[in-house]
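Here is the structure we will look at.
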Amino acid sequence: MTCATGEDQEINDFKKRMGKSTAPGLPKFDPNRGVHATQSIEILQPLPEVSGPGWKLKKRVIGVSENKSGVIVENETLLVDPNGTPYAKLYSSSFNLGAKALGQKFTKRIAAAPPAKDIPKDRGADWIVKDQTTPEQAILYRLSGDYNGLHIDPAIGQAAGFGGVILHGLSTFGFAARAVVSAVGGGDPHSLKYFGVRFTSPVKPGDELETSMWEVGPGPNGTTEIAFVTKDLVTGKICLGAGVAYVKKVEKSKL
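Heads up, the sequence shown is in full-length UniProt numbering, so the first residue is 1 and it goes up one at a time.
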């Protein structure tokens, strides 16, 4: 089964698509050595229930960092309708292990996603939600169009130092977003206005996740700001850190 993405109507050649370098001076992205570092999404307005062709993703590079381990590239992507009206803004960064651009330590950034607040150390979480992934979780997530071999071929995962297949970071991202919506937004997906994370540790398909959330103050436009982390209960490691969400909080009935 294939999923239509980009300009391809039938076939998604993931390696070819991801291996292209669109920014002058940057090394080509190696899908087998690339790691998704951060991701966030800001919902500017609800998507229409009925739409048509002509929607676009407008992408630009907003930051580049190089160190002895590789190159981190940060992108900003705007989802617009055929009239140019923006509906969502996404920030993401990827870490290309072993890549070199200048061959020296370097950082430049022209824009950035909203920063996360520190987790309160003086109190426990306000909400905790557990989720169980399944052994076939990465196979299911591939249907979104992300055919990175790292998430299906154990040999690629071994070669990258992960000990085998790991789950897509955005799959874990989705579990955490659902946890926040369920706990804070009363289960209403429209309650989530902004959601961002740093991917800090790999998750294996079948692992159990635990998302802990703290209310840390008011957010923009009448939302509540939530700081959160997601832990892999099998490894005991935090897999999503620096979590920040702006949510239209739904108070539970006392009846």
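The beta carbon of each residue, even a glycine, is placed where N, CA and C say it ideally should be.
Supposed contact pair residue 63 and residue 33 - C-beta distance, whole angstroms, cut 8 Å: Here residue 33 refers to the residue found at position 33 of the sequence shown. Here residue 63 refers to the residue found at position 63 of the sequence shown. Rounded, the Cβ-Cβ distance is 20 Å, inconsistent with contact.
Any idea what DSSP makes of residue 242, helix, strand or coil? As a position in the sequence shown, residue 242 is number 242, starting the count at 1. Residue 242 carries a strand assignment under DSSP once its states are collapsed to helix, strand and coil.
With DSSP collapsed to three states, give me the class of residue 141. In the sequence shown, residue 141 corresponds to position 141, counting from 1. Under the three-state reduction of DSSP output, residue 141 falls in the helix class.
When you compare each of 238, 236, 227 to residue 118 by their alpha carbons, which one comes out closest? Within the sequence shown, numbered from 1, the residue matching residue 118 stands at position 118. Nearest to residue 118 by C-alpha distance, out of 238, 236, 227, is 227.
Excluding five sequence neighbours on each side, which residues of the same chain lie with their C-beta closer than 8 Å to the C-beta of residue 52? Translated into positions along the sequence shown, residue 52 becomes position 52. Excluding sequence neighbours, residue 52 sits near 82.
Beta strand (DSSP E) segments (min. 3 residues) lying fully within the stretch 165-218: The qualifying runs are 192-199, 208-218.
From 185, 195, 87, 245, residue whose alpha carbon lies closest to that of residue 252: As a first step, residue 252 must be located in the sequence shown, where it is residue number 252. Comparing Cα-Cα distances from residue 252 to each of 185, 195, 87, 245, the minimum goes to 185.
Where DSSP assigns a beta bridge to residue 86, which residues make up the other side? Counting from 1 along the sequence shown, the entry for residue 86 is found at position 86. For residue 86, DSSP records a beta bridge to 80.
Thinking residue 198 and residue 242 are a contact (beta carbons under 8 Å), I'd like their distance in whole angstroms, please. Stepping through the sequence shown from its first residue, residue 198 is reached at position 198. Stepping through the sequence shown from its first residue, residue 242 is reached at position 242. Confirmed, Cβ separation roughly 4 Å.
Can you name the residues that DSSP bridges to residue 67? Locating residue 67 in the sequence shown gives position 67, where the first residue counts as 1. Residue pairing for residue 67: DSSP places it in a beta bridge opposite 70.
Measure the C-alpha to C-alpha separation of residue 131 and residue 71 and round it to an integer number of angstroms. Against the sequence shown, residue 131 aligns to sequence position 131. Against the sequence shown, residue 71 aligns to sequence position 71. Cα-Cα distance, rounded: 33 Å.
Just grab the DSSP bridge partners of residue 57 for me. Translated into the one-based positions of the sequence shown, residue 57 becomes position 57. In the DSSP output, where bridge partners are listed per residue, residue 57 has 79.
Taking the Cβ atom as the reference point for each residue, do residue 59 and residue 77 lie within a distance shorter than 7 Å? Counted from its first residue, the sequence shown places residue 59 at position 59. Counted from its first residue, the sequence shown places residue 77 at position 77. Yes, the Cβ-Cβ distance between residue 59 and residue 77 is below 7 Å.
May I ask you to report which of helix, strand or coil DSSP gives residue 161? As a first step, residue 161 is located in the sequence shown; it is residue number 161 there, counting from the start. Here residue 161 sits in coil by DSSP.
Going by C-alpha to C-alpha distance, which of 128, 189, 142, 28 sits closest to residue 215? For the purposes of this step, residue 215 is identified with residue 215 of the sequence shown, where counting begins at 1. Nearest C-alpha to residue 215: 128.
With a threshold of 16 other CB atoms inside 10 Å of the CB of residue 104, please say whether the residue is buried or exposed. Counting from 1 along the sequence shown, the entry for residue 104 is found at position 104. Residue 104 is exposed by the Cβ-count criterion.
Starting from the C-beta of residue 88, find all residues in its chain whose C-beta is less than 7 Å away, skip the five residues before and the five after it, and write them out in chain order. One-based indexing of the sequence shown puts residue 88 at position 88. For residue 88, the CB contacts under 7 Å within the same chain, skipping 5 residues up- and downstream, are 41, 42, 43, 44, 79 in chain order.
Contact check, residue 205 vs residue 167, beta carbons under 7 Å: Reading the sequence shown from its first residue, position 205 is the one you call residue 205. Reading the sequence shown from its first residue, position 167 is the one you call residue 167. Here residue 205 is near residue 167, since their CB atoms are less than 7 Å apart.
Out of curiosity, what's the CA-to-CA distance linking residue 3 and residue 164? On the sequence shown, position 3 is the one that residue 3 refers to. On the sequence shown, position 164 is the one that residue 164 refers to. Residue placement at residue 3 cannot be trusted, given a pLDDT of 40 that sits under 50; the coordinates are not used to answer.
How many Å lie between residue 28 and residue 101 at the Cα? Here residue 28 is taken as the residue at index 28 of the sequence shown, counted from 1. Here residue 101 is taken as the residue at index 101 of the sequence shown, counted from 1. If you take the alpha carbons of residue 28 and residue 101, they lie about 10 Å apart.
I'd like the list of long-range same chain contacts for residue 25, defined as Cβ closer than 7 Å, with 5 residues on each side in sequence excluded. Numbered from its first residue, the sequence shown carries residue 25 at position 25. So the list reads 101, once near-sequence residues are dropped.
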